[in-house]
Amino acid sequence: MGAAIGQSLPVAVGVMISPLPIVAVVLMLTSGKAKANAVAFLLGWFVAVGGVALVVALVAGSSVPDAGGPAAWTAWLKIVLGLLLLFVAARQWRGRPRGDVEPPAPKWMAAIDSFTPVKALGLAVLLGAVNPKNLLLAVSGGAAIGSAAGGDTTVSIVAAVVFAVVASLGVATPVVIYASMGTRAAALLDGLKAWLIHNNAVVMAVLLLVIGAKMIGDGIATL
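Residue numbers (the working numbering): 3 to 225.
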């Protein structure tokens with residue numbers, strides 16, 4: 003249990019501080035249905051990220067271990083995922099804004115004011131389980147859990163839940179700030195949103211680089 007959680011924890015932290023989902027929650031907290039939309043997004047994010055990690059963990063753990071250790075293909079999966087993360091990190095770094103140039107905001111941000119809770123939940127699923135960067139991270143977390151769980155379904159489920167909880171702390175933080183500070187939270191959340199949008203590419207590039215290198219290292223160590 004400890005190994006499965008420990009192996010996936012660094013990846014969960016990477017998902018946790020992914021900027022765009024946090025920005026989405028901040029924007030929802032300034033919309034007409036602030037609490038309902040934010041809670042729906044948080045629920046959808048938890049289920050999407052945890053669901054992807056659990057499915058991958060169960061598939062990776064279903065192989066018969068070689069000589070008491072993880073199957074060899076799980077090591078190659080980690081290496082491939084690590085290389086993909088490094089590739090996306092390089093693209094993010096090359097596309098980062100220079101100087102005071104503001105990056106264009108995604109089109110979906112303009113529509114958040116009119117969101118219903120159902121749409122908020124759907125956006126969370128898209129960002130958590132369809133968006134390539136976060137999908138790669140969730141799959142990487144699931145692969146780490148599966149290789150460490152040794153085919154134990156209970157361990158995989160508990161580790162995936164812990165992974166989803168940690169990965170959801172980032173999107174939960176603006177909700178906590180909003181609930182605890184009320185109207186005073188507006189200025190703080192607006193500043194957080196602006197910083198995250200401007201630095202999204204750099205933050206993601208660093209995260210993907212670190213996690214990609216870790217996945218490659220873990221894969222090589224398993225071979």
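Using N, Cα and C, we set each Cβ at its ideal position, and we do this for glycine too.
In this text, all values refer to a predicted model and were calculated from it rather than measured experimentally.
Thinking C-beta only, is Lys-216 closer than 9 Å to Pro-119?
-> Taking the first residue of the sequence shown as 1, we reach residue 119 at position 117. Taking the first residue of the sequence shown as 1, we reach residue 216 at position 214. No. Outside cutoff.
Length of the line joining the Cα atoms of Leu-210 and Val-90 = Residue numbering aside, residue 210 sits at position 208 when the sequence shown is read from its first letter. Residue numbering aside, residue 90 sits at position 88 when the sequence shown is read from its first letter. Taking the straight line joining both Cα atoms gives about 7 Å.
Quick one: what does DSSP say Ile-24 is sitting in, helix, strand or coil?
-> Translated into the one-based positions of the sequence shown, residue 24 becomes position 22. Helix, per DSSP.
Boundaries (first-last residue) of the alpha helix (DSSP H) holding Ala-188 | On the sequence shown, position 186 is the one that residue 188 refers to. From DSSP, the alpha helix (DSSP H) with Ala-188 extends over 187-224.
For Trp-47, is the classification buried or exposed, using 16 other Cβ atoms within 10 angstroms of its Cβ as the cut-off for buried?
-> Locating residue 47 in the sequence shown gives position 45, where the first residue counts as 1. Trp-47 is buried by the Cβ-count criterion.
Write down the C-beta distance between Leu-190 and Ala-145 rounded to the nearest angstrom, noting that I regard them as a contact closer than 8 Å.
-> Your numbering for residue 190 matches position 188 in the sequence shown. Your numbering for residue 145 matches position 143 in the sequence shown. The Cβ separation is near 36 Å, so there is no contact.
C-beta atoms of Leu-22 and Val-168 nearer than 9 Å = Numbered from 1 along the sequence shown, position 20 holds the residue referred to as residue 22. Numbered from 1 along the sequence shown, position 166 holds the residue referred to as residue 168. Cβ distance not < 9 Å, so Leu-22 and Val-168 don't count as in contact.
CA nearest to the CA of Leu-29, picked from Asp-192, Leu-56, Ala-162 | As a position in the sequence shown, residue 29 is number 27, starting the count at 1. That would be Asp-192, whose Cα lies nearest to the Cα of Leu-29.
Classification of Met-18 by the beta-carbon crowding that lies within 10 angstroms, buried from 16 upward = The count along the sequence shown starts at 1 and reaches residue 18 at position 16. Counting Cβ neighbours within 10 Å, Met-18 comes out buried, since at least 16 surround it.
Nearest-angstrom Cα distance between Ile-218 and Lys-80?
-> For this step, residue 218 is matched to residue 216 along the sequence shown. For this step, residue 80 is matched to residue 78 along the sequence shown. For Ile-218 and Lys-80, the distance between alpha carbons rounds to 6 Å.
Do the segment 165-184 and the segment 104-114 make contact, defined as three or more Cβ pairs closer than 8 Å?
-> no
Would you give the residue range spanned by the alpha helix (DSSP H) that Asn-1 belongs to?
-> With the chain covering 3 to 225 only, the question about residue 1 has no answer from this structure.
Where does Val-103 sit, in a helix, a strand or coil, going by DSSP?
-> Working through the sequence shown from its first residue, we reach residue 103 at position 101. Three-state DSSP puts Val-103 in coil, outside helix and strand.
Residue range of the unbroken alpha helix (DSSP H) whose run includes Pro-12 | The residue you call residue 12 lines up with position 10 of the sequence shown. Taken as a continuous stretch (DSSP letters only), the alpha helix (DSSP H) holding Pro-12 covers 4-18.
Let me know the secondary structure DSSP gives Arg-98 once reduced to three states.
-> For the purposes of this step, residue 98 is identified with residue 96 of the sequence shown, where counting begins at 1. Three-state result, Arg-98: coil.
Euclidean distance between Cα positions of Val-132 and Leu-44 | Within the sequence shown, residue 132 is the residue found at index 130, counting from 1. Within the sequence shown, residue 44 is the residue found at index 42, counting from 1. One C-alpha to the other measures close to 16 Å.
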